[in-house]
């Protein structure tokens, strides 16, 4: 079996559990039991409102977000599930930075927990630019159980890559 590219940083015992679910053709069933629902956030406008609500709840003092959208150009080959950017423009005599969050379009059909995890991750970048201890502490604060959801999201991406999942 090829390496589990989304799970390489996890302990071999966890990877083996996923391999066993794949070998017994039960990985999709496992994910369906844990995450049976799909979220209702289907438009860029709804995603913007959803993201602003989370920001207001947890990061009131963080910089304003100018744009939030689903982006079908983000893909897993670039390891981008979401993206935060600050675009600087000169307006008059001032330099203005526009903050944007983009979420890969594949999450339109995902479980609500996965969408929340991606949005929380990108919001955390408003305060912490690097994936360090403070960053993950902030993610865990905004979304208790963040680390488990990140692992399960990686399992979901592994399942999506399986030939049977496409059919």
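Numbering (this note's numbering), first residue to last: 21 to 187.
For every residue, glycine included, the Cβ atom is placed at its ideal position computed from N, Cα and C.
message: Which residue marks the beginning of the beta strand (DSSP E) containing residue 88, and which one marks its end?
response: 87-91 is the span of the beta strand (DSSP E), which, as asked, contains residue 88.
- prompt: Does the stretch 145-163 come within contact of the stretch 53-65, defined as at least 3 CB pairs closer than 8 angstroms?
  reply: Remark: fewer than three beta-carbon pairs, one from each stretch, lie closer than 8 angstroms, so the stretch 145-163 and the stretch 53-65 are not flagged as touching.
field: Reference residue 79; option with closest CA among 36, 125, 141 and 31
entry: Checking every option, the nearest Cα to that of residue 79 belongs to 141.
field: Alpha-carbon spacing of residue 36 relative to residue 23, whole angstroms
entry: Each residue's Cα considered, the two are about 11 angstroms apart.
- prompt: What residues in its chain sit with their C-beta under 7 angstroms from that of residue 173, if we drop five residues either side in the sequence?
  reply: The beta carbon of residue 173 sits closer than 7 angstroms to those of 134 and 137, all from its chain and outside the five residues before and after it, given in chain order.
- request: Using only alpha-carbon positions, find the residue among 169, 120 and 83 that is nearest to residue 131.
  value: Nearest C-alpha to residue 131: 169.
- request: Could you have a look at residue 180 and say whether DSSP puts it in helix, strand or coil?
  value: Residue state, collapsed to three classes: helix.
message: Using only CA atoms, which one of 30, 29 and 42 lies nearest to residue 181?
response: Minimum Cα distance to residue 181 is reached at 42.
- prompt: In the structure shown, what three-state DSSP assignment does residue 173 receive?
  reply: Three-state DSSP puts residue 173 in a helix.
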